[in-house]
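To keep things clear, I will list the structure first and then write my remarks on it.
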Amino acid sequence: MSTTVVRGRWFPASVVLPDGRTLRKTRVILAEGGEHAGMWVYTRPDQVEFHAPINWLQQAEIPTGRRARAGVDVQLTDGTVAVITPGTECKCGQLGRWAGPSWATNVAVRP
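249 is the number of the first residue of the sequence shown in my numbering; add one for each residue after it.
As structure tokens, this is what we get:
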């Protein structure tokens, strides 16, 4: 069994999905390998609003900190792109108090 590695996580964040929908004040996790690989977008604790596999061969380096505020393009395996924009708003509310799914808090994190 391979290990899932969290490559990026943001809250709060806005996400423009490949179908053009924009989700706001979400928790986003990018994970590589293992059973939890992919892009995960949560709108409430334990409620996945969007999940898709990531094309890690085409994916550019995942920016961190201030560099991520310009937007993070995520290359999905179906050839589409989702765009994450980390926010600076309040980190309050149910989603802000939630640390994320247990698999994302119990695995290694690397930039």
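Quick reminder that beta carbons are idealized off the backbone N, C-alpha and C, glycines included.
Validate contact between the stretch 335 to 343 and the stretch 258 to 265 using beta carbons, cut 8 Å, 3 pairs: yes
Per-residue burial, Trp304 [other beta carbons within 10 Å of its own, 16 or more giving buried]: Walking along the sequence shown from the start, residue 304 turns up at place 56. Looking at its Cβ environment, which holds fewer than 16 other Cβ atoms inside 10 Å, Trp304 is exposed.
Euclidean distance between Cα positions of Gly327 and Gln295: Indexing the sequence shown from 1 puts residue 327 at position 79. Indexing the sequence shown from 1 puts residue 295 at position 47. Computed Cα separation, rounded: 25 Å.
Inter-residue CB distance, Gly348 and Arg255 (contact presumed, cutoff 8 Å): Counting from one through the sequence shown, the residue named residue 348 turns up at place 100. Counting from one through the sequence shown, the residue named residue 255 turns up at place 7. Their Cβ separation, rounded to whole angstroms, is 14 Å, which puts Gly348 and Arg255 out of contact at 8 Å.
Beta-carbon gap between Leu324 and Ala330 smaller than 8 Å: Here residue 324 refers to the residue found at position 76 of the sequence shown. Here residue 330 refers to the residue found at position 82 of the sequence shown. Yes, these two residues count as a Cβ contact at 8 Å.
Bridge-paired residues (DSSP) for Pro334: For the purposes of this step, residue 334 is taken as the residue at position 86 of the sequence shown. DSSP output for Pro334 lists Ala261 as bridge partner(s).
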